[in-house]
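First the structure, in the form of structure tokens, and then the observations on it.
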Amino acid sequence: INDIFPVNVTGIVTARDGFVIDFDKITLRNRIVQFKNISISDETIKEAYNLKDTREWKLSEARKALSKDNEWDVHFNKIQYRPFDIRDIYYSTLMVDWGRTEYIRHLLEKNISICFMRQFSGNMDYTHFLVSKYMVDNRTFFSSKGIIQQAPLYLYNEKKQKKSHIQSLILFEPETEYKTKTPNIDKVLYEKLNKTYKKKLTPEEILYYIYAVFYSNIYRTKYIEFLKIDFPRVPFAADYNVFSKMAKLGNQLVDLHLMESTLLGKPVSKYHGEGTERIGKVIYDEKENHLYINANKYFDNVTPEVWNYHIGGYQVLKKYLDERRKAGKELENHKYFGGIITALSMTIELQKKIDEIFGIIEEDLIK
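Okay, so the sequence shown: first residue is 464 according to the working numbering, each after it adds one.
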């Protein structure tokens, strides 16, 4: 996989998640406004937000630099913090220790990425695959060995300086004149697939196919020992019809995991109860298939398979709720959480279809 998508990078490390990442952009922005206000003493900021100097980062220097940054407000972005858990981040080199800016800039444009790991350790099933439109945190996946790798589908060149209307008769130059993108796919493989299938594949089709393969339970079980020690390998079907069927299933998976699928308009679970949205003790009632976020509110029709579903080593629903409970937060959007339940339910059904095709793939592979 790392050869197929040559440009890939490990997840970012902020070294101060609690300050530069938040569930809410307004709350995060207010923190940054205070931080850059040098009329407030360094000690006050340190105590208020539990910030400490490190070998690479000095609070006083960062505050002074940020106070002089006239474009400080452009650094708010989104981060894939955990599976299905999208948060706000203040992504500035002044505040993030290892931001991988050379690579992450591709994800600040319209893009999609595939996430995977090189190594894996732990007494659990291998579930370490995900797609995202955003940068990822270095702990978006859980494992006692290895770290998440992220490969953008497209690479964007640096923006070229647009000509002024004095230099050119064209006042408004087309976007393509100063910013272009190229697929982050190995050229030799790309040409080989096109030649084999006698088709001009889109980069998306290739990503969809790969994603479907990675969500095959047969693939994960059969190659578990290899997945523990190296990057995942991708078997490509020699038959275009098989490739196409797999890619279409992968497309559905990608849309579900990006929470963009039209299928999410028909939720499998409903939200019940009255009272506060604050997350209390999370209880799963397997007999009734109810998932309680507190004593009075619950989601119905949550099957044991959905409740126990893991991505990236995390039990998705439990992790999402626990993160907010620990932070003393409410369930900010019950429709979104209901969408996760639906997405996982449909993922399980798609995996059954994927497994039916995966057996055919290995009968005739591209050499």
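Even glycine gets a Cβ: it sits at the ideal position worked out from N, Cα and C.
Does DSSP put residue 635 in a helix, a strand or coil? Along the sequence shown, one-based indexing puts residue 635 at 172. Bear in mind that the predicted position of residue 635 carries a pLDDT of just 43, short of 50, making it unreliable; the figure below should be weighed with that in mind. In this structure, residue 635 counts as coil in the three-state DSSP scheme.
Residue 540 in three-state terms, based on DSSP: Translated into the one-based positions of the sequence shown, residue 540 becomes position 77. Strand, per DSSP.
Where does residue 548 fall in DSSP's three states? Translated into the one-based positions of the sequence shown, residue 548 becomes position 85. Here residue 548 sits in strand by DSSP.
If residue 616 and residue 666 are in contact, beta carbons under 8 Å, what's the gap, nearest whole angstrom? In the sequence shown, the residue the question calls residue 616 occupies position 153. In the sequence shown, the residue the question calls residue 666 occupies position 203. Confirmed, Cβ separation roughly 5 Å.
What is the DSSP secondary structure of residue 809, counted as helix, strand or coil? For the purposes of this step, residue 809 is taken as residue 346 along the sequence shown, with counting starting at 1. Residue 809 falls in the helix class under three-state DSSP.
State the Cα-Cα distance for the pair residue 475 and residue 601, rounded to the nearest angstrom. Start at 1 with the first residue of the sequence shown, and residue 475 comes out as number 12. Start at 1 with the first residue of the sequence shown, and residue 601 comes out as number 138. Between residue 475 and residue 601, the C-alpha separation is close to 5 Å.
Classify residue 635 as buried or exposed, calling it buried when 16 or more other Cβ atoms lie within 10 Å of its own Cβ. Taking the sequence shown and counting its residues from 1, the one referred to as residue 635 is at position 172. Bear in mind that a pLDDT of 43 at residue 635, under 50, signals an unreliable position, so the number given afterwards is only what the model happens to contain. By the beta-carbon neighbour count (other beta carbons within 10 angstroms, threshold 16), residue 635 is exposed.
Pick helix, strand or coil for residue 535, following the three-state DSSP scheme. Here residue 535 corresponds to residue number 72 of the sequence shown, with the count starting at 1. In the structure shown, residue 535 sits in a helix (DSSP, three-state: H, G or I).
Where the alpha helix (DSSP H) containing residue 530 begins and where it ends: Within the sequence shown, residue 530 is the residue found at index 67, counting from 1. First-last of the alpha helix (DSSP H) with residue 530: 522 to 530.
Collapsed DSSP secondary structure at residue 464 in the structure displayed: Here the question's residue 464 lines up with position 1 in the sequence shown. Under the three-state reduction of DSSP, residue 464 is assigned to coil, being neither helix nor strand.
What's the gap between the Cα of residue 811 and the Cα of residue 533? As a first step, residue 811 must be located in the sequence shown, where it is residue number 348. As a first step, residue 533 must be located in the sequence shown, where it is residue number 70. Taking the straight line joining both Cα atoms gives about 48 Å.
Just the C-alpha distance for residue 621 and residue 595, rounded to the nearest angstrom, thanks. As a first step, residue 621 must be located in the sequence shown, where it is residue number 158. As a first step, residue 595 must be located in the sequence shown, where it is residue number 132. When rounded, the separation of the alpha-carbon atoms in residue 621 and residue 595 is 22 Å.
Is it buried or exposed, residue 828, if we count other Cβ atoms within 10 angstroms and call 16 or more buried? In the sequence shown, counting from the first residue as 1, residue 828 sits at position 365. Exposed: under 16 other Cβ atoms inside 10 Å.
Grouping DSSP H, G and I as helix and E and B as strand, with all else coil, what is residue 769? Here the question's residue 769 lines up with position 306 in the sequence shown. Three-state result, residue 769: helix.
Put residue 825 into one of helix, strand or coil per three-state DSSP. Against the sequence shown, residue 825 aligns to sequence position 362. DSSP places residue 825 in the coil class of the three-state scheme, outside both helix and strand.
Helix, strand or coil at residue 835 [DSSP, three-state]: Not covered by the structure: residue 835. The range shown for the chain is 464 to 830.
Can the beta-carbon of residue 776 be found less than 9 Å from the beta-carbon of residue 606? Numbered from its first residue, the sequence shown carries residue 776 at position 313. Numbered from its first residue, the sequence shown carries residue 606 at position 143. Going by C-beta atoms, residue 776 is nearer than 9 Å to residue 606.
For the segment 635 to 719, which segments carrying the alpha helix (DSSP H) assignment without a break, of at least 4 residues, lie completely within its bounds, in sequence order? Fully enclosed alpha helix (DSSP H) runs of 4 or longer: 650 to 660, 666 to 677, 680 to 685 and 687 to 690.
Compute the beta-carbon to beta-carbon distance between residue 509 and residue 522, rounded to the nearest angstrom, for a pair I have assumed lies under 8 Å. The sequence position of residue 509 within the sequence shown is 46, counting from 1. The sequence position of residue 522 within the sequence shown is 59, counting from 1. About 6 Å separates the two Cβ atoms, so the contact holds.
Anticipated Cβ contact below 8 Å, residue 784 with residue 745, distance rounded: Looking up residue 784 in the sequence shown gives position 321. Looking up residue 745 in the sequence shown gives position 282. Rounded, the Cβ-Cβ distance is 5 Å, consistent with contact.
If I measure Cβ to Cβ from residue 478 and keep anything under 6 Å in the same chain, skipping five residues before and after, which residues do I get? Here residue 478 refers to the residue found at position 15 when the sequence shown is read from its first residue. Within the same chain, residue 478 has close Cβ partners 560.
Could you pull the start and end residues of the alpha helix (DSSP H) that residue 480 belongs to? Indexing the sequence shown from 1 puts residue 480 at position 17. First-last of the alpha helix (DSSP H) with residue 480: 480 to 483.
Just to confirm the assignment, what range does the alpha helix (DSSP H) spanning residue 489 have? Position 26 of the sequence shown holds residue 489. Where residue 489 is concerned, the enclosing alpha helix (DSSP H) starts and stops at 488 to 499.
If you draw a straight line from the C-alpha of residue 702 to the C-alpha of residue 543, how long is it? Looking up residue 702 in the sequence shown gives position 239. Looking up residue 543 in the sequence shown gives position 80. Cα to Cα, residue 702 sits roughly 35 Å from residue 543.
Extent of the continuous beta strand (DSSP E) run through residue 746: Stepping through the sequence shown from its first residue, residue 746 is reached at position 283. Element bounds for residue 746: 746 to 748.
Which of helix, strand or coil does DSSP assign to residue 599? In the sequence shown, the residue the question calls residue 599 occupies position 136. Three-state DSSP puts residue 599 in a strand.
Considering residue 589, what are the terminal residues of the beta strand (DSSP E) in which it resides? Residue numbering aside, residue 589 sits at position 126 when the sequence shown is read from its first letter. Taken as a continuous stretch (DSSP letters only), residue 589 belongs to no beta strand (DSSP E), as it is neither H nor E.
Closer than 8 Å is the cut-off here; do at least three beta carbon pairs connect the segment 702 to 717 with the segment 803 to 820? Contact between the segment 702 to 717 and the segment 803 to 820 is present: three or more C-beta pairs spanning the two stretches fall below 8 Å.
Which whole-angstrom value is the C-beta distance of residue 466 and residue 786, which I expect to be below 8 Å? On the sequence shown, position 3 is the one that residue 466 refers to. On the sequence shown, position 323 is the one that residue 786 refers to. Contact doesn't hold; Cβ gap of about 34 Å is too wide.
Test item: CB-CB of residue 501 and residue 526 under 9 Å: In the sequence shown, the residue the question calls residue 501 occupies position 38. In the sequence shown, the residue the question calls residue 526 occupies position 63. Judged by beta-carbon spacing, residue 526 lies within the 9 Å limit of residue 501, meaning their Cβ atoms are closer than that value.
9 Å Cβ cutoff met for residue 798 and residue 734: Here the question's residue 798 lines up with position 335 in the sequence shown. Here the question's residue 734 lines up with position 271 in the sequence shown. Cβ atoms of residue 798 and residue 734: closer than 9 Å.
Give the DSSP-derived three-state secondary structure of residue 814 in the structure shown. Within the sequence shown, the letter at position 351 stands for residue 814. Residue 814 carries a helical assignment under DSSP once its states are collapsed to helix, strand and coil.
Close beta carbons around residue 809, own chain, < 7 Å, minus the five adjacent residues each side: Start at 1 with the first residue of the sequence shown, and residue 809 comes out as number 346. So the qualifying residues of the chain are 719 and 726.
Whole angstroms are fine: how far does the CA of residue 590 sit from the CA of residue 684? Numbered from 1 along the sequence shown, position 221 holds the residue referred to as residue 684. Numbered from 1 along the sequence shown, position 127 holds the residue referred to as residue 590. So the alpha carbons of these two residues sit roughly 10 Å apart.
Under 9 Å between C-beta atoms of residue 472 and residue 567: Counting from one through the sequence shown, the residue named residue 472 turns up at place 9. Counting from one through the sequence shown, the residue named residue 567 turns up at place 104. Yes. Within cutoff.
In the DSSP assignment, find the unbroken alpha helix (DSSP H) run with residue 783 in it and report its ends. Taking the first residue of the sequence shown as position 1, residue 783 is located at position 320. In the DSSP annotation of this structure, the continuous segment of the alpha helix (DSSP H) that includes residue 783 starts and ends at 779 to 789.
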